[in-house]
Every structure is written in C-alpha cells, then in structure tokens.
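Chains A and B supply the protein sequences, listed in that same order. Quick note: the first sequence uses our numbering, first residue 1, plus one each step. Quick note: the second sequence uses our numbering, first residue 1001, plus one each step.
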Amino acid sequence: MSETTLDDAAMRRAEGSPLQSTGARRPRFGRDQRKLLIAAGFIAPALVMYAAFVLVPLGMSVFYSLLRWDGIGRWRFVGLRNYLIVLTDPDLLQVIGNAFNLILYFTLIPIALGLAVATVIRGHMAGPFGTITRTVLFLPQVIPLVAAGIAWSWMFASTGLVNQLLTALGLGPLARGWLGDFTFALPAVGMIGAWVLLGLCTMLLVTGIAKIDQSIYEAAELDGAGRWQELVYITIPALRQEIGVCVTVTVIAALASFDIVYIATAGGPGISTMVPGLEIYRLAFAHRQVGLASALAIVLMLLVLLCVLPIQWFARPKR
Amino acid sequence: MIETRSNALVARAMLIALMAVTLLPFLSMLSAALAPSGSYPAGLQWPSDPQWGNFVKAFEVANMTTLLWSSSLIVGGVVPVSVLIATMAGYGLSRIDKGRGKWLYLVFVLGLTLPFEAVITPLYYEVKALGILNTRVALILPLIGLFMPFSVYWMRAHFLNVPQEIGEAAEVDGASDWKQFWLIQVPIARPAIMSLSILLFLWTWNQFLLPVVLVQDPEQRTMAGALGAFQGQWGTDVPLLCAGALLILTPTVILFLIFQRQFVAALLQGSVKG
C-alpha cells in the first residue's frame, strides 16, 4: 500500500500537477496505473526477444570473460586475467590498433570527399541526373559487404584493375598483390570500407547542405569571405549533426568490421589486417579460448561506446 | 552568374567521378565473369569471347534457387515479427515517455551501438542449448532480438511525433487500446513502418556473421552467408567466383532499382536516427 502511494507521488511530480483533494485523486491514480500496465503489455514482446537474444548473451559474455574455458570441458574462474591479456598482449594490441587504423580510411576519406562534393553542389540534386547519382552512390549500401569484399579482392589482385590502371599510368613498378602485402594490406582493406561508405556520407552531407539558408553564403561573399572560410565558419558548423551521423556510422563500421576482412584477407598476411571482430571469432571457434574471446568482445563493445558517446555529445543539436 | 555555372559543371564532374569509382568494381567483376572459367583474366577488358555460360554454371553450383528460397524464408521470419513487436513497443514506450517508464527506453537504446561480435559467442551456446543450431530458426530468433534496439528506437521516435489528441479522441469514442492501436496508430505510422521494413530486409538479407557462426549448411543461410561459403569453395576460379558474386547481389539490386526512392529515403533517415 505504501508503495502505491509513493508511485502516485512520483507520477504527480512528473506531471507537475498541483496537489488535489484525495477525492479527486483516486480515479486518476487508477487510470495512470492502468495506462502503465497497458503500455507494458505493448512493450513486453519486444522486451522478451531483446532480453533473450541481447541482454542475456551480453551477461553471459561478461561471465565467460572471467573464465578459462575451451567451450566444451570444465571451466575455471580466472578473474580479470583475460582482460589483462587483452590489454597487454602485443598481438591483441595490434589487432585493436588495426581497427583504429581503419577509422582513418572508413571515416576520413568518405567525409572529406563528401564535404568537397557537398560544398560545390550546395543545393539539391534535382532532375534525372540527381536520381541517377543517388541510385549509383547508394549501390554499395545495398549489396552485402561480402560482395564488396569479393569485388575488391579482385580489384586489388596482381592481375586486377588497380594494377592495370597503375601500369597504364606508367606507374607499373608500384603494382603488387595489394592484399598480400604486409605494408599495404591494411590500407587496401581501409579503401574497401571507404568505397562502401562514400556514397552514404556524400548523400547525407549533400542533403544537409541543401537545408542551409543560401543568403548566409551570399552575405559572407559580400563580406569577402573565401571558399575556405565559408567551409570552416558556415558549412561545417551548420552540418554538425550530419557530420556527427557520418562519423558515428563510419567509426562503428571500422571498429566492428568483420565481413570485409573475413573475405578479403582473413586477417593476413600475418596479423597485419586482423581486426577485433574477426579475432573474437577465431579465438572462440578456432582456438577454443572462449574466455579470452569474450574479454576481447567486451573490450570491443566498450571501445565503440567510448568513441561514439563523445561524438554524439559534440553533434547534439544546439538548443 | 558565370561562377555558379562553372560550379555546377565542377559539381557534375565530381559526381561523375564518384559514380565511376562506385561502378568500376562491378564492371571489373563483370568482365572477369565473362572470361573462360578457370583462366586468369586481366582487370578490365571486354573478353573476345564472352562466356555467358559462367553465369549458368554459377547459378547451378551455388544452388541459387535454394538460396533464394532460404533467404526469403529467413527474411519472412525476421521482418514481419520484428516490425510488429517493435511497432507495439514503440507505441507503448511513447505513451510512458514521461515519468516512471523512461528507464525502459534507455534499456533498449543501450543496444544501439552493440557490435554483433560482442554477443556472438554466447549466442552460439544459447542457440545450441535450444537445439536449433544449423537451422534457419537459429538465425531468425537472434536477429529479431538484435534488431530490437534500432527498430524500437525508430518506431518510438515516430509515435512521439503523433499528436496526443488523436489517441485521446479515440479514447473518448470508447475504442479499446488494442483497437485504437490497430485502427488509428498503425495506419498513421505506415511510412515509418515501410522504411523500417526496408532496412530490416536489407540487414537480414546481407547478414554475414550470424550465418557463418550459427549455420554450417550454406543452403540454410542468408544470401551473404552463402556467398562466403561459395568463395571458400570456388575462390581460386576468378571468373566463376565473380559470376556467383554478381548473381548473389542481383536480387537486392533489382529490388533497390524498383523501389529506389523508398530505399534511399530509408537509408538516409535510418542513419540519421541510428
């Protein structure tokens, strides 16, 4: 009974309604309670599925990460030792570093090129040309990443188009099997990601820039602002939200990459293109180190959060 | 005046360059797919004797009919259920937006940035314990759960924008909550539901990690998962591999070309909200 009274008080505070006589309170209290129950009924199915296949596995991941377990036999509780390995083992640190390295390509290239295109167009892409552009630039978003990986494995092969173009440009000596090269495999994988995300970022930024009031630019030009100043002082601040979206999407794509690397290099040569996502898979299912794999999984999840939350904060709409 | 016109030209040139970069890998695959099977073709050249038969062969060895059926079954299992329960939850959450229910929404949002790799190992053991490993259900159930954070977030955002009065008017008319949801809220939400369905269709069809881990048999997988197996088997035969990859990406591309406007809108909004 005392609990329901508290609830009632909380509800009242939330609604900011003034105190009323007990007589008037009773029926409304019943309605609020009913409203909550009905809402819970609507939410329940989604919550059950979410709990069963996300929250419970997540909890199990945390639990596994404290074990030494081969996935079949007995497990042994080892505390935080797996985390210590993830954060000190040079190979695993390189794997995490590779993921951050990929951000350079997945994030910077699409946003830089997208901004360049958007600032030149500075408006809607109308007409058939606009439709064709949108359709073509979105193609990489529609196909499976696996297909992108296969296409680019072939582009980067020793007899592939990249080398063919280099030779045609007289840069034949630079030609190589890009994905098998210790120095160039990671940048090559990064370029695949850049190719996939380029169209999405460009379209987001072009759509965003069309919303900026053109008179601001005209006023700035009258005041003698150059292209660069317009970009830094008008375009980028006005596109803060769109840029925030691009950065969020691409950073997550880089840190949690799996499909492209699995298909294009399988992490090789050596571990030069190994990323956390693929390493989790390899540790858990090939090496049967479930504990270590789970610790890496939790670290990966936290790294994504650590990167995304500040971006969201910077990009939040100004009030 | 002159400057704007030259700007438009520069913009057009840049876009054409971007489009060329986007299309080149597809053209390169096509030219390789038409080379004699088992040969090592050059990057991009129209083959003197195009081997269209490679596509027929890839269609047969990849078992495309079975794959299409399998992927359709998985999409059919994931998308309607996800959309339905997410719409319900989005509606429910929008009604308790203020006050005590708020934390429930945060629980869902928590999952928005979760990489699937973070839960794939326990999912494997969970699915195994449920006795559904190596079946399509092993993909359908976890995918519904994994799609909930975004779907619920998406639908709640829609329902928050629906004026309260609409629901209240129905309440005065004496419509039950369930009736009100189906007859008034769902029809208004149709555009949001449409976009969500498109996104979930794409994400299911192209899902790779789950099929690789949870389903051994390529014929029980999604298209993308099957393509991975195809590459493992025919990876050394470049023409056949390229033909297979092109075949496997064709269904979504055709759908995309037909519903181009809806897809673009969904993908743009989807990333803005997600």
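Where is the CB? At the ideal position from N, CA and C, for every residue including glycine.
Counting only C-beta atoms, is residue i closer than 8 Å to chain B at any point?
{"i": "K211/A", "result": "no"}
{"i": "F138/A", "result": "yes"}
{"i": "I103/A", "result": "no"}
{"i": "L306/A", "result": "no"}
{"i": "M274/A", "result": "no"}
{"i": "V249/A", "result": "yes"}
{"i": "F42/A", "result": "yes"}
{"i": "Y50/A", "result": "yes"}
{"i": "W69/A", "result": "no"}
Using a Cβ-Cβ cut-off of 6 Å (strictly less than) and excluding sequence neighbours within five positions of residue i, which residues of its own chain qualify?
{"i": "L1093/B", "result": "Y1105, R1156"}
{"i": "A1032/B", "result": "P1041, V1238, P1239, C1242"}
{"i": "L300/A", "result": "P276"}
Check whether the Cβ atoms of residue i and residue j lie closer than 8 Å to each other.
{"i": "T107/A", "j": "V189/A", "result": "no"}
{"i": "L1084/B", "j": "F1116/B", "result": "no"}
{"i": "G199/A", "j": "F138/A", "result": "yes"}
{"i": "P1122/B", "j": "S61/A", "result": "yes"}
{"i": "M1088/B", "j": "F42/A", "result": "yes"}
{"i": "I1134/B", "j": "Q1220/B", "result": "A small fix is needed here, since residue 1134/B is Asn in this sequence, not Ile. Contact: yes."}
{"i": "W69/A", "j": "V249/A", "result": "no"}
{"i": "I1074/B", "j": "I1140/B", "result": "yes"}
Return the chain-ordered list of same chain residues with a C-beta closer than 7 Å to the C-beta of residue i, the five sequence neighbours on each side being excluded.
{"i": "G1228/B", "result": "F1208, V1212"}
{"i": "A194/A", "result": "Y105, F106, I109, P110"}
{"i": "L186/A", "result": "N98, N101, S272, T273"}
{"i": "L115/A", "result": "L205"}
{"i": "V142/A", "result": "none"}
{"i": "D259/A", "result": "L145, V146, G149"}
{"i": "S1204/B", "result": "In the sequence as presented, Ser is not what sits at residue 1204/B; that position holds Thr. If we look at T1204/B and ignore the five residues flanking it on each side, its Cβ neighbours are I1074, V1075, V1078, V1079, L1143, T1222."}
Using a Cβ-Cβ cut-off of 8 Å, state whether residue i counts as contacting chain A.
{"i": "Q1216/B", "result": "no"}
{"i": "D1237/B", "result": "no"}
{"i": "V1152/B", "result": "yes"}
{"i": "S1195/B", "result": "no"}
{"i": "P1036/B", "result": "no"}
{"i": "T1066/B", "result": "no"}
{"i": "F1026/B", "result": "yes"}
{"i": "T1135/B", "result": "no"}
{"i": "F1108/B", "result": "yes"}
{"i": "A1011/B", "result": "yes"}
Closer than 8 Å by C-beta to residue i: which residues in its own chain qualify, once you throw out the five before and the five after it? Chain order, please.
{"i": "V1109/B", "result": "P1149, Y1153"}
{"i": "V245/A", "result": "L204, A315"}
Which residues mark the beginning and the end of the alpha helix (DSSP H) in which residue i is found?
{"i": "T107/A", "result": "T107/A -> no alpha helix (DSSP H), and no H or E assigned at all."}
{"i": "N163/A", "result": "161-168"}
{"i": "A993/B", "result": "Residue 993/B is absent from the model: chain B starts at 1001 and stops at 1274."}
{"i": "L1133/B", "result": "Run containing L1133/B: none; DSSP gives neither H nor E here."}
{"i": "G190/A", "result": "185-209"}
{"i": "T88/A", "result": "81-88"}
{"i": "I150/A", "result": "145-155"}
Which class does residue i belong to by DSSP, given the choice of helix, strand or coil?
{"i": "L1034/B", "result": "coil"}
{"i": "F258/A", "result": "coil"}
{"i": "L1044/B", "result": "coil"}
{"i": "R176/A", "result": "coil"}
{"i": "R288/A", "result": "coil"}
{"i": "R122/A", "result": "coil"}
{"i": "F1259/B", "result": "coil"}
{"i": "L1196/B", "result": "helix"}
{"i": "F1026/B", "result": "helix"}
{"i": "R1221/B", "result": "coil"}
{"i": "F63/A", "result": "helix"}
{"i": "R76/A", "result": "strand"}
{"i": "R134/A", "result": "helix"}
{"i": "R316/A", "result": "coil"}
Taking C-beta pairs closer than 7 Å, name the residues in chain E that residue i reaches, listed in chain order.
{"i": "T133/A", "result": "Here chain E cannot be found, since the structure's protein chains are A and B."}
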